[in-house]
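What follows is one structure encoded as structure tokens, with my remarks underneath.
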Ligand SMILES: NC(=O)c1ccc[n+]([C@@H]2O[C@H](COP(=O)([O-])OP(=O)(O)OC[C@H]3O[C@@H](n4cnc5c(N)ncnc54)[C@H](O)[C@@H]3O)[C@@H](O)[C@H]2O)c1
């Protein structure tokens, strides 16, 4: 089965991430079955998809795409029984993932891929709960919200087959996503580890009294964040290296100073006092702005950026 031919996707767990994935799959013209035990889950899912649909229309729908292609099922078993691809988004708890994957493995067709959105739990920790086909369990970790953000981190566990990793990468690519392949499992995957490194230093800078919360936010949002949205850290460095690129950069004195800074970075725990200081700083930075309005503004700009980036297809 070619991944361009996945027609039926099951979304298991329809909270923040599952609902957003459902919108993404429906917008690509796929049939979606979904399941979640929470009271009112179906109504909440349909409301989330309706709220997210205008953004999907703005980005362009696949032929035949419709929220009407969603079917809500009472149990995960029913949702996956005819699925080609399963995207699991239950709570981030190992016992829940183990029980859920045991049920999915028992009920899904043998050729179906079972992907998890798990943020911190690795596939190797629970794929032995799938005695039928542990080789078809794979990480497909999105970046919130998955209906907008292209990144998906794909990694196999110790029992995952290379073919399944390739098929998962192909499926996400066919959706228009930008999957990356983690060659080995690591806690937190790649993108959240990179964010964690930055957050650690951001909290440290507040604690050390170097700058206000608002100015530290500005240092990213009005500085390197603008370039990082277009090119990653290594290509940005490459362009900073002048005609010789990144290779020449490592020969320059500035590089020694940069590495020196690494050894000076802070290690910090967010205790009550630091947490309160940062929260106060955020309140001051917001200056009474409405949170829902801020989200709306951010998402509108994000949509424009994604559309422009899509058109500028030449960027790596
Ligand atoms: N929130 C994020 O930014 C983010 C980003 C990437 C990945 N993730 C991962 O996605 C997964 C879901 O996170 P979330 O933020 O959507 O959480 P959430 O709490 O919003 O949603 C979890 C959903 O799972 C449902 N659920 C509980 N038991 C279930 C079961 N047995 N079968 C099916 N559904 C069940 C709950 O009712 C709830 O609706 C987690 O593994 C998380 O680590 C989250």
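Numbering (the numbering used here), first residue to last: 13 to 328.
By construction, the Cβ of each residue, glycine as well, lies at the ideal position given by its N, Cα and C atoms.
All values derive from a computational prediction rather than experimental measurement.
What do you reckon, are the CB atoms on residue i and residue j nearer than 8 Å?
i: residue 155; j: residue 124; result: no
i: residue 158; j: residue 307; result: no
i: residue 10; j: residue 94; result: No information on residue 10 is available, as it lies outside the stretch 13 to 328 that the chain covers here.
i: residue 46; j: residue 34; result: yes
i: residue 167; j: residue 194; result: yes
i: residue 61; j: residue 75; result: no
i: residue 44; j: residue 82; result: yes
i: residue 77; j: residue 40; result: yes
Can you tell me where the beta strand (DSSP E) holding residue i begins and where it ends?
i: residue 43; result: 43-47
i: residue 126; result: 125-128
i: residue 99; result: 97-100
i: residue 163; result: 163-168
i: residue 83; result: 82-84
i: residue 192; result: 190-193
i: residue 152; result: 149-154
Using the rule of at least 16 other Cβ atoms within 10 Å of the residue's Cβ for burial, across every protein chain shown, is residue i buried or exposed?
i: residue 181; result: buried
i: residue 273; result: exposed
i: residue 165; result: buried
i: residue 128; result: buried
i: residue 191; result: buried
i: residue 25; result: buried
i: residue 283; result: exposed
i: residue 116; result: buried
i: residue 134; result: buried
i: residue 218; result: buried
i: residue 13; result: Caution applies to residue 13, whose pLDDT of 45 falls short of 50 and renders its modelled position unreliable; the model cannot decide the point.
i: residue 208; result: exposed
i: residue 214; result: buried
i: residue 322; result: exposed
i: residue 146; result: buried
i: residue 303; result: exposed
i: residue 262; result: exposed
Going by Cα to Cα distance, which pick from the options is closest to residue i?
i: residue 221; options: 289, 34 and 177; result: 289
i: residue 162; options: 306, 299 and 36; result: 36
i: residue 199; options: 323, 153, 118 and 228; result: 153
i: residue 38; options: 229, 233, 187 and 261; result: 187
i: residue 314; options: 233, 326 and 248; result: 233
i: residue 143; options: 204, 133 and 118; result: 118
i: residue 176; options: 151, 218 and 73; result: 151
i: residue 281; options: 216, 108, 247 and 89; result: 216
i: residue 17; options: 223, 31, 179 and 305; result: 179
i: residue 108; options: 301, 230, 68 and 138; result: 138
Can you round the beta-carbon distance between residue i and residue j to whole angstroms, since I take them to be within the 8 Å contact cut?
i: residue 23; j: residue 99; result: 5 Å
i: residue 266; j: residue 258; result: So it is not a contact: roughly 13 Å between Cβ atoms.
i: residue 297; j: residue 225; result: 6 Å
i: residue 204; j: residue 136; result: Actually they are not in contact, since the Cβ atoms of residue 204 and residue 136 sit about 18 Å apart, beyond 8 Å.
i: residue 113; j: residue 141; result: 5 Å
i: residue 293; j: residue 212; result: Contact doesn't hold; Cβ gap of about 17 Å is too wide.
i: residue 52; j: residue 101; result: Contact doesn't hold; Cβ gap of about 17 Å is too wide.
Return the first residue and the last residue of the alpha helix (DSSP H) that residue i is part of.
i: residue 201; result: From DSSP, residue 201 is part of no alpha helix (DSSP H); its letter is neither H nor E.
i: residue 21; result: Premise fails: residue 21 lies in the beta strand (DSSP E), 20-24, not in any alpha helix (DSSP H).
i: residue 275; result: Unbroken run through residue 275: none, as it is neither H nor E.
i: residue 306; result: 303-323
i: residue 35; result: 28-39
i: residue 196; result: Careful: residue 196 lies outside any alpha helix (DSSP H) and carries neither H nor E.
i: residue 133; result: It is not in any alpha helix (DSSP H) - residue 133 carries neither H nor E in the DSSP assignment.
i: residue 140; result: No alpha helix (DSSP H) holds residue 140; DSSP gives it neither H nor E.
Any heavy atom of ligand 3 closer than 7 Å to the beta-carbon of residue i?
i: residue 301; result: This structure simply doesn't include ligand 3; it includes ligand 1 instead.
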